[in-house]
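Chains as they are written, first to last, in this note's numbering: chain R, 89 to 457; chain U, 811 to 1005.
Structural data, given as structure tokens:
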């Protein structure tokens, strides 16, 4: 090398030695090991791989952390909601409502179902302590519209099926409801669908649970669901108002029309609008009926009879249910991660600023020294 | 025998024939050192950065793709990257040399003057004088004698009552601090090499 700078000559020698080591490795067909005195060829790849792995690991750690934080925050919110529901029940105890008496009797504290949410509880075995009966959805003025459905399975003593059916019918009547349909098998087991005024839903469920005790039996399972249709109700109401206004306007125009063609055209339009109004009114009526009356499906069987239709088993869901559960689970995890990132991003920004300040101070100190 | 292959050809050939990298080194080592010395103003840092640049280039030559970017431009890209890290951290990393099993060497005494000769202090002399005020007294005096007054290290050492090696180190580290300071102020220490 044509230089008089000694360090460059030494560096040339060092590089030649490294090249020689690699040449030997290439000749032997052995990949040089990381950090060893040879084989640079693989090093940058490994270095780059390490870097990517590091980035991926850091990203994964951030996402896991965010998921954890999000999950914890959601659990915390759930707890808060639960305790708020408990407080509600406590306040209401000054003037006990039937549903609250029921809560106390069954040692439960369930909150109102969230809009659109379904609340379910199921019991296997005696059903003595576990249940899903909750308080009736509290009506927020007249705005809240919730469709309530219940399902209860009762096992009773052998030979008491007829008596059980009679008592179920009696319970429906006592609560100003009726039996919508019923089926029975060998007079030993059967299913009845009751329609009960929504306000009497909890009393009816309580009475049905008590029936198991009366007939020396037990509650086998119980599901309660509430579907909030308030938004749908309001939406339909708003659409109805708009359509009525349009119909009135069209009628006015029709009165002022001078030509027969125009009168006929407007009549056609009025007819279309009227049809839409009636469709919406039908929908509203249906919703009102659904809200006004709850449905309770009662399965009664004598102890020795095997259950005819076990219904959906949450322990062994169908493929469709599994897919739905998987989607829900995925969305929950994504939601938890997003919530967690909401916590982490501002913290990260603060940490970044702090790091920048520390770095600046260090640099100044270095310059000063 | 003169190797007539281009830099790009040498880099590609060196994958299977590692010794071909030596020719690339011999062609550009001094220019890279000058490039780094003029920016760091520090012979020690410049020599270390040069070693690290070539070590990294050797280690990552398999990544070089001949896509119209000349081999020497690729080499200076690595040097610029290393230089940027030096200005950010104030020190020279030796990771590439360690990976290749290359030793980290102290700068031979005579190289201080030789590398300083590569640095053109004239365009930055005024800024240098101003920056001297930020240094400690020992470094400032050593810098003034060597860089401003142009004394050789034997005279600097005599004036400061220290060894020549100590004088070299004081000047070298003083220059490094000045370079970092000027860099922080956004001052261009040398014109970019057109690679």
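Heads up, the beta-carbon is just placed ideally off N, CA and C, and yes, glycines get one too.
Original post:
Which class does residue 243 (chain R) belong to by DSSP, given the choice of helix, strand or coil?
Top reply: Sequence index remark: in the first chain, residue 243 (chain R) carries index 155 (1-based). Three-state DSSP puts residue 243 (chain R) in a strand.
**OP:** Kindly list, in the order they appear in chain R, the residues whose Cβ is closer than 7 Å to that of residue 912 (chain U).
**Re:** Within the second chain, numbered from 1, the residue matching residue 912 (chain U) stands at position 102. Against residue 912 (chain U), the close residues of chain R are 102, 106, in the order they occur along the chain (beta-carbon pairs closer than 7 Å).
Subject >> Min CB distance residue 94 (chain R) to chain U below 8 Å >> reply: Here residue 94 (chain R) is taken as the residue at index 6 of the first chain, counted from 1. Yes, because at least one Cβ of chain U sits closer than 8 Å to the Cβ of residue 94 (chain R).
**OP:** Could you round the C-beta distance between residue 893 (chain U) and residue 846 (chain U) to whole angstroms and report it? I think they count as a contact, below 8 Å.
**Re:** Numbered from 1 along the second chain, position 83 holds the residue referred to as residue 893 (chain U). Numbered from 1 along the second chain, position 36 holds the residue referred to as residue 846 (chain U). Distance from residue 893 (chain U) to residue 846 (chain U) at the Cβ level is roughly 6 Å; contact confirmed, criterion being Cβ atoms closer than 8 Å.
Original post:
Using CA coordinates, which residue listed in R:287, R:94, R:324, R:115 is at the minimum distance from residue 919 (chain U)?
Top reply: Reading the second chain from its first residue, position 109 is the one you call residue 919 (chain U). When C-alpha distances from residue 919 (chain U) are compared across R:287, R:94, R:324, R:115, the shortest belongs to R:94.
Subject >> Nearest neighbour of residue 238 (chain R), chosen from R:283, R:327, R:274, R:270 [CA to CA] >> reply: Residue 238 (chain R) sits at position 150 when you count from the first residue of the first chain. If we check each option's Cα against that of residue 238 (chain R), R:283 comes out closest.
Original post:
Under the rule that 16 or more other beta-carbon atoms within 10 Å means buried, what is residue 834 (chain U), buried or exposed?
Top reply: Sequence index remark: in the second chain, residue 834 (chain U) carries index 24 (1-based). It counts as buried.
Original post:
What are the partner residues of residue 360 (chain R), as DSSP defines its beta bridges?
Top reply: Walking along the first chain from the start, residue 360 (chain R) turns up at place 272. Among the bridge pairs identified by DSSP, residue 360 (chain R) is matched with none.
Subject >> Where residue 96 (chain R) sits in the DSSP three-state scheme >> reply: Within the first chain, numbered from 1, the residue matching residue 96 (chain R) stands at position 8. In the structure shown, residue 96 (chain R) sits in a helix (DSSP, three-state: H, G or I).
Original post:
Which value, in whole angstroms, describes the spacing of the CA atoms of residue 821 (chain U) and residue 410 (chain R)?
Top reply: Stepping through the second chain from its first residue, residue 821 (chain U) is reached at position 11. Stepping through the first chain from its first residue, residue 410 (chain R) is reached at position 322. As the crow flies, the alpha-carbon of residue 821 (chain U) is around 57 Å from that of residue 410 (chain R).
Subject >> Terminal residues of the beta strand (DSSP E) in which residue 384 (chain R) lies >> reply: Start at 1 with the first residue of the first chain, and residue 384 (chain R) comes out as number 296. Note, residue 384 (chain R): beta strand (DSSP E), 381-390.
Subject >> 7 Å Cβ shell around residue 896 (chain U) - same chain, five flanking residues per side excluded >> reply: Here residue 896 (chain U) refers to the residue found at position 86 of the second chain. Contacts found: 850, 855, 859, 902.
Original post:
Smallest Cα separation from residue 940 (chain U): which of U:928, U:826, U:818, U:992?
Top reply: Along the second chain, read from residue 1 onward, the residue named residue 940 (chain U) stands at position 130. Out of U:928, U:826, U:818, U:992, U:992 has the C-alpha closest to the C-alpha of residue 940 (chain U).
**OP:** Using the Cα positions of residue 977 (chain U) and residue 962 (chain U), report the straight-line distance between them to the nearest angstrom.
**Re:** As a first step, residue 977 (chain U) is located in the second chain; it is residue number 167 there, counting from the start. As a first step, residue 962 (chain U) is located in the second chain; it is residue number 152 there, counting from the start. Taking the Cα positions, residue 977 (chain U) is about 10 Å away from residue 962 (chain U).
**OP:** Could you tell me the distance, in whole angstroms, from the CA atom of residue 450 (chain R) to the CA atom of residue 898 (chain U)?
**Re:** Against the first chain, residue 450 (chain R) aligns to sequence position 362. Against the second chain, residue 898 (chain U) aligns to sequence position 88. Distance between the alpha carbons of residue 450 (chain R) and residue 898 (chain U) is about 11 Å.
Subject >> Sequence-distant residues of the same chain with beta carbon closer than 8 Å to residue 381 (chain R), five excluded per side >> reply: Along the first chain, one-based indexing puts residue 381 (chain R) at 293. Counting only Cβ-Cβ distances below 8 Å, and skipping sequence neighbours, we find 265, 283, 284, 285, 286.
**OP:** Within 10 angstroms of the Cβ of residue 113 (chain R), are there 16 or more other Cβ atoms? Answer buried if so, exposed if not.
**Re:** Reading the first chain from its first residue, position 25 is the one you call residue 113 (chain R). Under this definition residue 113 (chain R) is a buried residue.
Original post:
Less than 8 Å separating the beta-carbons of residue 257 (chain R) and residue 307 (chain R)?
Top reply: Reading the first chain from its first residue, position 169 is the one you call residue 257 (chain R). Reading the first chain from its first residue, position 219 is the one you call residue 307 (chain R). With contacts defined as CB atoms closer than 8 Å, residue 257 (chain R) and residue 307 (chain R) fail to qualify as a contacting pair.
Subject >> Closest Cα partner of residue 423 (chain R) within the set R:436, R:101, R:161, R:259 >> reply: Residue numbering aside, residue 423 (chain R) sits at position 335 when the first chain is read from its first letter. Ranking the options by Cα distance to residue 423 (chain R), first place goes to R:161.
Original post:
Quick one, are the C-beta atoms of residue 852 (chain U) and residue 985 (chain U) less than 8 Å apart?
Top reply: As a first step, residue 852 (chain U) must be located in the second chain, where it is residue number 42. As a first step, residue 985 (chain U) must be located in the second chain, where it is residue number 175. Against a cut-off of 8 Å, the Cβ pair of residue 985 (chain U) and residue 852 (chain U) comes out as a contact.
Original post:
Should residue 949 (chain U) go down as buried or exposed, given a rule of 16 or more other Cβ atoms within 10 Å for buried?
Top reply: If you number the second chain from 1, residue 949 (chain U) lands on position 139. Counting Cβ neighbours within 10 Å, residue 949 (chain U) comes out buried, since at least 16 surround it.
Original post:
Shorter than 8 Å from the beta carbon of residue 921 (chain U) to some beta carbon of chain R?
Top reply: For this step, residue 921 (chain U) is matched to residue 111 along the second chain. Taking CB atoms only, residue 921 (chain U) has a neighbour in chain R less than 8 Å away.
Original post:
Over what stretch of residues does the alpha helix (DSSP H) that includes residue 882 (chain U) continue unbroken?
Top reply: Translated into positions along the second chain, residue 882 (chain U) becomes position 72. Residue 882 (chain U): member of the alpha helix (DSSP H) spanning 881-899, first to last residue.
**OP:** Give me the Cα-Cα distance between residue 818 (chain U) and residue 887 (chain U), rounded to the nearest whole angstrom.
**Re:** In the second chain, residue 818 (chain U) corresponds to position 8, counting from 1. In the second chain, residue 887 (chain U) corresponds to position 77, counting from 1. Rounded to whole angstroms, residue 818 (chain U) to residue 887 (chain U) spans 14 Å at the Cα level.
**OP:** Check each residue of the stretch 817-837 of chain U: if its Cβ is closer than 9 Å to any Cβ of chain R, include it; give the result in chain order.
**Re:** Those would be 824, 825, 826, 827, 828, 829, 830, 831, 832, 835, 836, in chain order.
Original post:
Cβ of residue 412 (chain R) less than 8 Å from any chain U Cβ?
Top reply: Within the first chain, numbered from 1, the residue matching residue 412 (chain R) stands at position 324. It does not; no Cβ of chain U falls within 8 Å.
**OP:** Classify residue 318 (chain R) as helix, strand or coil using the three-state DSSP reduction.
**Re:** To locate residue 318 (chain R), count along the first chain from 1; it is residue 230. It is helical.
Original post:
Given that residue 98 (chain R) touches chain U, what residues does it touch there, using C-beta distances under 7 Å?
Top reply: In the first chain, residue 98 (chain R) corresponds to position 10, counting from 1. Neighbours of residue 98 (chain R) across chain U, judged by C-beta separation under 7 Å: 915.
**OP:** Measure the alpha-carbon distance for residue 319 (chain R) versus residue 249 (chain R) and round it to whole angstroms.
**Re:** On the first chain, position 231 is the one that residue 319 (chain R) refers to. On the first chain, position 161 is the one that residue 249 (chain R) refers to. Cα to Cα, the separation comes out at about 42 Å.
Original post:
For the candidate residues R:421, R:393, R:412, R:438, whose alpha-carbon lies nearest to that of residue 275 (chain R)?
Top reply: Position 187 of the first chain, counted from the start, is the residue given in the question as residue 275 (chain R). Nearest in C-alpha terms to residue 275 (chain R), of all of R:421, R:393, R:412, R:438, is R:393.
Subject >> Residue range of the beta strand (DSSP E) that includes residue 269 (chain R) >> reply: Taking the first residue of the first chain as position 1, residue 269 (chain R) is located at position 181. Residues 266-273.
**OP:** Tell whether a beta-carbon distance below 8 Å holds between residue 421 (chain R) and residue 155 (chain R).
**Re:** Within the first chain, the letter at position 333 stands for residue 421 (chain R). Within the first chain, the letter at position 67 stands for residue 155 (chain R). In contact: residue 421 (chain R) and residue 155 (chain R) (Cβ atoms closer than 8 Å).
Original post:
Interface residues of chain R around residue 918 (chain U) at Cβ under 7 Å?
Top reply: Along the second chain, read from residue 1 onward, the residue named residue 918 (chain U) stands at position 108. Neighbours of residue 918 (chain U) on chain R, chain order: 94, 95.
Original post:
Do residue 428 (chain R) and residue 158 (chain R) have their C-beta atoms closer together than 8 Å?
Top reply: Numbered from 1 along the first chain, position 340 holds the residue referred to as residue 428 (chain R). Numbered from 1 along the first chain, position 70 holds the residue referred to as residue 158 (chain R). For the 8 Å CB-CB criterion, residue 428 (chain R) and residue 158 (chain R) form a contact.
**OP:** May I have the straight-line CA-CA distance separating residue 460 (chain R) from residue 826 (chain U), to the nearest angstrom?
**Re:** Any question about residue 460 (chain R) goes unanswered here, given that chain R covers just 89 to 457.
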